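For reference, the structure discussed in these notes is given below.
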Amino acid sequence: MRRSRDRTVDKRRRSRDKNRSQRSEHGLEHSRHNSTNPTAARQFGPPQSRQVKQLLEGIGTPGAQTFKPDPFQLEALAALEFEDVLVTAPTGSGKTWIAREEIRRLLDAGRRAWYTTPLKALTNSKYQEFTEEFGSDRVGILTGDRKDNSDAPLLVGTTEIYRNQLFDSLRGGSDVNADLVVLDEAHYLADEDRGHVWEEAIILTPPRIRLLLLSATIGNANEFAAWIEEVRGVRCGVVTRPGARPVPLRAAMLLPDKRLLPLLTESGKLNPELARMGQQAGEE
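Counting from 1371, one number per residue, gives the positions in the sequence shown under the working numbering.
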């Protein structure tokens, strides 16, 4: 009986060892297959291609640098002493800096300003930015959903809210209590649905109030400024920063398999792999 049990145990042990060996060989072969099979390899994490490394290179928080205003920024500030100003410059080039410095000068002199934007989200962002810059006691916000510190010397709000205040002032026979109005994203004047709001805001703002209009996409700036002069009876200067945006965009596409592919090649053409994928999708 004992010998019979020993033979049974040995048989089970040999069978178990054989199964382990087969699983090990299968796993090794599976690993070899994955190492040479891009599709399988992506299931365990996409490799970083040279293109992706180049795309991501240098992205991060820049080191501290001494700020030096660009000539167009100084030109705009100087012009605001005498006239309305339309600033056209690429995104990220420092248009808001001009507004912030002029607002700072006015607040320090005990005067008042309005900063308008087309979107509630942008209004909230600017409110936060200016609160950190000038202090919560000097900044208020007015939107359709929010009204805080409405007597503050600097009010941030949507263009519709500012336009409505102009209407209220006209009905009440009073004047808007401001020395400067900033119209951010002034190209909304050409918007088919909302452009009339910017038109009314520009026309109804009293001539004594200085206008600062900011935009990155106005192509006919001189024509725009001439219209402002005509409807307001105040000279409007144009300050332009030519050239591309100072902080270039990096375009990429994140695929369902978690691969990140640059949208364009170094020569500026569509990534061939994305082009093939688009062609295949069209055929399907």
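Ideal Cβ placement from N, Cα and C applies to all residues, glycine included.
It should be emphasised that the depicted structure is a prediction, and the values quoted were computed from it without experimental measurement.
Rounded to a whole number of angstroms, what is the C-alpha to C-alpha distance between residue i and residue j?
| i | j | result |
| --- | --- | --- |
| Q1649 | L1426 | 27 Å |
| N1534 | Q1443 | 30 Å |
| L1634 | L1640 | 5 Å |
| V1609 | K1465 | 10 Å |
| Q1424 | R1474 | 40 Å |
| F1504 | A1522 | 11 Å |
| W1568 | A1622 | 35 Å |
| V1455 | G1603 | 14 Å |
| E1600 | D1545 | 21 Å |
| C1606 | L1559 | 16 Å |
| I1573 | I1598 | 8 Å |
| E1502 | S1539 | 30 Å |
| S1405 | A1645 | In this prediction, S1405 scores a pLDDT of 44, lower than 50, which makes its location untrustworthy; the coordinate-derived value is nonetheless stated afterwards. One C-alpha to the other measures close to 26 Å. |
| G1638 | M1647 | 18 Å |
| G1652 | E1636 | 26 Å |
| G1480 | Q1435 | 31 Å |
| V1457 | G1565 | 18 Å |
| E1570 | F1537 | 9 Å |
| R1516 | V1422 | 43 Å |
| R1420 | E1562 | 44 Å |
| I1596 | A1556 | Strictly speaking, residue 1596 in this sequence is Ala, with Ile absent from that position. Rounded to the nearest angstrom, the two C-alpha atoms are 15 Å apart. |
| I1429 | G1542 | 53 Å |
| A1411 | T1431 | The predicted model places A1411 with a pLDDT of 40, which falls under 50 and marks its position as unreliable; any figure quoted below should be read in that light. So the two alpha carbons sit approximately 32 Å from each other. |
| F1594 | G1433 | 39 Å |
| P1626 | S1506 | 44 Å |
| R1508 | Y1497 | 11 Å |
| H1400 | F1500 | Only weak support exists for where H1400 lies, its pLDDT of 44 falling under 50; the value from the coordinates is given anyway. Whole-angstrom Cα-Cα distance: 59 Å. |
Which partner residues of residue i appear in the DSSP bridge assignment?
| i | result |
| --- | --- |
| Y1485 | V1526, V1552 |
| V1608 | L1456 |
| S1585 | T1458 |
| P1632 | A1622 |
| D1518 | I1511 |
| R1470 | According to DSSP, R1470 bridges with nothing at all. |
| L1640 | L1634 |
| R1580 | L1550 |
For residue i versus residue j, is the C-beta distance shorter than 8 Å?
| i | j | result |
| --- | --- | --- |
| T1575 | V1526 | no |
| R1620 | S1463 | no |
| E1643 | L1631 | yes |
| S1520 | G1510 | yes |
| A1368 | A1586 | Only positions 1371 to 1654 of the chain appear in the structure, and residue 1368 is not among them; the question remains open. |
| L1477 | L1524 | yes |
| N1547 | R1482 | yes |
| K1490 | T1461 | no |
Taking 7 Å as the cut-off, does the CB of residue i come closer than this to any heavy atom belonging to the ligand ADP?
| i | result |
| --- | --- |
| A1459 | In the structure shown, the ligand ADP is absent, as is every other ligand, since no ligand is present at all. |
Using a beta-carbon distance below 8 Å, is residue i in contact with chain B?
| i | result |
| --- | --- |
| R1611 | The structure shown has no chain B; it contains just one protein chain. |
For this session: Count the CB pairs spanning the segment 1438-1449 and the segment 1590-1603 that are closer than 8 Å, and state whether there are at least three.
Result: Short answer: they don't touch.
Exercise. Is there contact between the segment 1572-1584 and the segment 1450-1460, where contact requires at least three CB pairs shorter than 8 Å?
Worked result: yes
Exercise. Any contact of the segment 1528-1542 with the segment 1483-1503, i.e. 3+ C-beta pairs under 8 Å?
Worked result: A contact between stretches requires three or more CB pairs, one per stretch, nearer than 8 Å, and the segment 1528-1542 meets this requirement with the segment 1483-1503.
For this session: Please determine if the segment 1464-1480 and the segment 1537-1552 are in contact, where contact requires at least 3 C-beta pairs separated by less than 8 Å.
Result: yes
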